[in-house]
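Chemist:
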Amino acid sequence: MGDPALSRRGFLAASAAAGLGMTTLSACGGDSDGGSSGTTTIEWWNISTTEPAKTVWAALARKFEAQNPKVKIKIVQMENEAFKSKMTALTSSGKLPDIFHTWGGGVLRQQVDAGLVEDLTDRTKPWGDALLPVAKEPYLIDDKVYGIPFDIGMIGFWYNKALFAKAGISAPPTTWSGFLDAVRKLKTAGVTPLALAGKEKWPGMYYWAYLAMRTAGAEALEKAYADKDFTGAPFVEAGEHLKELVGLQPFQKGFLGAAYNSPTGQAAAVGNGKAAMELMGQWAPVVQADAGKGLGKDLGFFPFPAVEGGKGALTEVFGGGGGHALRRGAPQAAVDFLKFFASEATDLELVKKTGTLPVVPAAEKAIVDPNIKAVQEQLKKATGFQLYLDQAYAPAVGQEVNDSVAALIAGSMSPGQVAQSITKTTKEEQ
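Per the numbering used here, numbering through the sequence shown is continuous, rising by one, with the last residue being 687.
#1: Just confirm the distance between the C-beta atoms of Glu686 and Val654, as a whole number of angstroms; I'd bet it's less than 8 Å.
#2: Skipping 5 residues on each side, what residues in its chain have a beta carbon closer than 7 Å to that of Tyr482?
#3: Given this structure, state the Cα-to-Cα distance separating Ala495 from Ser600, to the nearest angstrom.
#4: Under a Cβ-count criterion, where at least 16 other Cβ atoms within 10 Å of its own Cβ denotes burial, should Thr680 be classed as buried or exposed?
#5: Tyr416 and Phe559: beta carbons closer than 8 Å?
#6: Around the Cβ of Ser205, are there at least 16 other Cβ atoms within 10 angstroms (buried) or fewer (exposed)?
#7: The alpha helix (DSSP H) spanning Thr603 covers which residue range?
#8: If you draw a straight line from the alpha carbon of Ala620 to that of Asp386, how long is it in whole angstroms?
#9: Put Thr280 into one of helix, strand or coil per three-state DSSP.
#10: What number of angstroms, rounded off, separates the C-alpha of Ala270 from the C-alpha of Gly474?
#11: How many angstroms separate the CA atom of Tyr467 from the CA atom of Phe561?
#12: To the nearest angstrom, how far is the alpha carbon of Val592 from that of Lys382?
#13: Determine which residues share a DSSP beta bridge with Pro235 and list them.
#14: Rounded to whole angstroms, what is the Cα-Cα separation between Ala318 and Gln648?
#15: Is there contact between the region 435-455 and the region 495-515, where contact requires at least three CB pairs shorter than 8 Å?
#16: Please name the residue or residues paired with Val374 in a DSSP beta bridge.
#17: Considering only C-alpha positions, which residue in the set Ala664, Pro309, Leu388, Leu583 is nearest to Gly404?
#18: Let me check one thing: in DSSP terms, what residues is Met411 bridge-paired to?
#19: Here's the rule: buried if 16 or more other CB atoms are within 10 angstroms of the residue's CB, otherwise exposed. What is Gln506?
#20: I'd like to check one pair, Trp465 with Val564: are the Cβ atoms closer than 8 Å?
#21: What do you get for Lys393, buried or exposed, if any count of 16 or more other CB atoms within 10 angstroms of its CB means buried?
#22: Out of Gln368, Trp360, Val313, point me to the one whose CA is closest to Lys352's CA.
#23: How far does the alpha helix (DSSP H) with Gly549 in it reach, from first residue to last?
#24: In whole angstroms, what is the alpha-carbon distance linking Gly641 and Glu573?
#25: Quickly, what does DSSP pair Asn417 with across the bridge? List them, please.
#26: Excluding the 5 residues preceding and the 5 following Gly567 in the sequence, name in chain order all residues of the same chain whose CB lies nearer than 6 Å to its CB.
#27: Using DSSP bridges, identify the partner residues of Ala498.
#28: Quick one: complete alpha helix (DSSP H) runs, 4+ long, within the region 320-400?
#29: Is the separation between the beta-carbon of Ile332 and that of Leu636 shorter than 8 Å?
#30: Suppose you measure from the CA of Val503 to the CA of Arg380; what does that come to, to the nearest Å?
#31: Relative to the alpha-carbon of Gly528, which residue among Ala419, Gly668, Ala477 has its alpha-carbon at the smallest distance?
#32: With Glu300 and Asp355 assumed to form a contact (beta carbons below 8 Å), what rounded beta-carbon distance in angstroms separates them?
#33: Spatial neighbours of Val675 within its chain, please: CB distance less than 6 Å, with the 5 preceding and 5 following residues excluded, ordered by chain position.
#34: Considering just the uninterrupted stretch of the alpha helix (DSSP H) at Glu308, what are its terminal residues?
#35: Using a Cβ-Cβ cutoff of less than 8 Å, which residues in the same chain neighbour Val440 once the five nearest sequence positions on both sides are dropped?
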């Protein structure tokens, strides 16, 4: 997602203060320089504000300009919360940048429904068709292409092999009952089983979302949103499973006030060997090493376990990535830049220099980390894909999912109340 350390710090919906501090968009739309050169200026908004991605992406823009002398790329970079706030205001104004970062899902659909986003279905053939299928799903709306991915990933459990061995756990669990048994064994061995950033809410949402997928099946989450009804038995059951986990007191001390990437937060607890596991995306190793020491060879990865009797499969994946969309009516130069960014040469550079998971199959050869390879293999054999719920759904619904699940984990809402609260907000927002 460009910047692994930032990729899920702020995937929450933009707040009502989105318009505050809004700056004037200086150059939305492909523009001529007004001189005799006929140069087209393309404005590219992205969230790669930290190194190494910031420098790598800027160099790619210059490389594209060198190959296309009559095109200038104007880069606008901002942290993702600021980006989302300004994009919310721009969507309301009806004017978007030529090229802009998107996570797909409900936010992109709102922009599409407003008539602000270019339909790329025909303009990106055939090269767009060759990208990793699962990476393209968040940007497909009514079977049309509205975004091109540059990154893809999934949520899974990152674990400390040494702490598992200390607790006598010989292999990662593959079932939910086996997972709960592993949690019990870790506690018996005096090891904190799980780290959680309870303060930030979205990490807790991962548990409920995955449990809902495993009990009801991935398609059921989409259907429940379309039907405006999350009160079905599988969704309540997902909450019951999570409540059972919470009852084991598996999280680190003070988890309800913990942040994700702070020196005393979730990632650091795992990276410093203070907790055995975290449920997190493919960026987890980078953040663990940044916030803590990192586990090196002791770090392992395994997919979210199957729930016995559930309709979901281990090959159904929960996650997301990053992509680019174009404003409606964007010039051909913007499409050319997307093609350049989705090329094998560019993807190889992104994989090698920024740790991005490849969306071009031929770029897989650049992956060297065994855990990242494991994530990639899971993605390649995925039979279903569910985008992060706080991006897949309308912003208010995504926020309610995060809030309700956080309340369940804190003990202030029941599984049934969570399902009812999400349903109520979905009906109000659709």
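Note that beta-carbon positions come from the ideal geometry of N, C-alpha and C, so glycine has one too.
Modeler: On the basis of the supplied data:
#1: Under the criterion of beta carbons closer than 8 Å, Glu686 and Val654 qualify as touching, at roughly 5 Å.
#2: Cβ neighbours of Tyr482 beyond the five flanking positions: Tyr650, Thr683.
#3: Whole-angstrom Cα-Cα distance: 40 Å.
#4: Thr680 sits buried, since 16 or more C-beta atoms from the chains shown fall within 10 Å of its C-beta.
#5: Their beta carbons are under 8 Å apart, which means Tyr416 touches Phe559 by this criterion.
#6: Nothing about residue 205 can be reported from this structure: the residues present for the chain run from 258 to 687 only.
#7: Judged by DSSP secondary structure, Thr603 falls within the alpha helix (DSSP H) whose first and last residues are 601-611.
#8: Distance between the alpha carbons of Ala620 and Asp386: 16 Å.
#9: Any answer about Thr280 is weak, because its pLDDT of 34 lies below 50 and its placement is not dependable; what the coordinates show is given next. In the structure shown, the three-state DSSP call for Thr280 is coil.
#10: Confidence at Ala270 is low in this model, with a pLDDT of 32, below 50, so the placement of that residue should be treated as unreliable; the coordinate-derived value is given next. Looking at the two C-alpha atoms, the distance is approximately 25 Å.
#11: Each residue's Cα considered, the two are about 7 Å apart.
#12: Their Cα atoms are separated by approximately 11 Å.
#13: The structure shown has nothing for residue 235, since the chain only spans 258 to 687.
#14: Near 28 Å, if we compare the C-alpha coordinates of Gln648 and Ala318.
#15: These segments touch.
#16: In the DSSP assignment, the residues bridged to Val374 are Arg584.
#17: For Gly404, the nearest C-alpha among the options comes from Leu583.
#18: Note: Met411 sits in a beta bridge opposite Gly576.
#19: Exposed: under 16 other Cβ atoms inside 10 Å.
#20: Result no, Cβ atoms of Val564 and Trp465 do not sit closer than 8 Å.
#21: Label assigned to Lys393: buried.
#22: The shortest C-alpha separation from Lys352 is found at Gln368.
#23: For Gly549, there is no enclosing alpha helix (DSSP H), as DSSP marks it with neither H nor E.
#24: Approximately 4 Å between the Cα atoms of the pair.
#25: Answer by DSSP bridge pairing, in chain order: Leu556.
#26: Excluding positions up to five away in sequence, the list reads Arg471, Thr472.
#27: The sequence shown places His at residue 498, not Ala. For His498, which the question treats as bridged, DSSP gives no partner whatsoever.
#28: For the alpha helix (DSSP H) assignment, the uninterrupted runs of no fewer than 4 residues enclosed by the region 320-400 are, from N- to C-terminal side, 337-350, 362-370, 390-393.
#29: The answer is no: Cβ separation not under 8 Å.
#30: A straight-line Cα-Cα distance of about 49 Å links Val503 and Arg380.
#31: Of Ala419, Gly668, Ala477, the residue nearest in Cα terms is Ala419.
#32: Going by Cβ atoms, the distance from Glu300 to Asp355 rounds to 5 Å, so yes, they are a contact pair.
#33: Hits under 6 Å: Gly496, Ser661, Leu665.
#34: Where Glu308 is concerned, there is no enclosing alpha helix (DSSP H), given that its DSSP letter is neither H nor E.
#35: So the list reads Pro450, Leu451, Leu502, Leu505, Pro507, once near-sequence residues are dropped.
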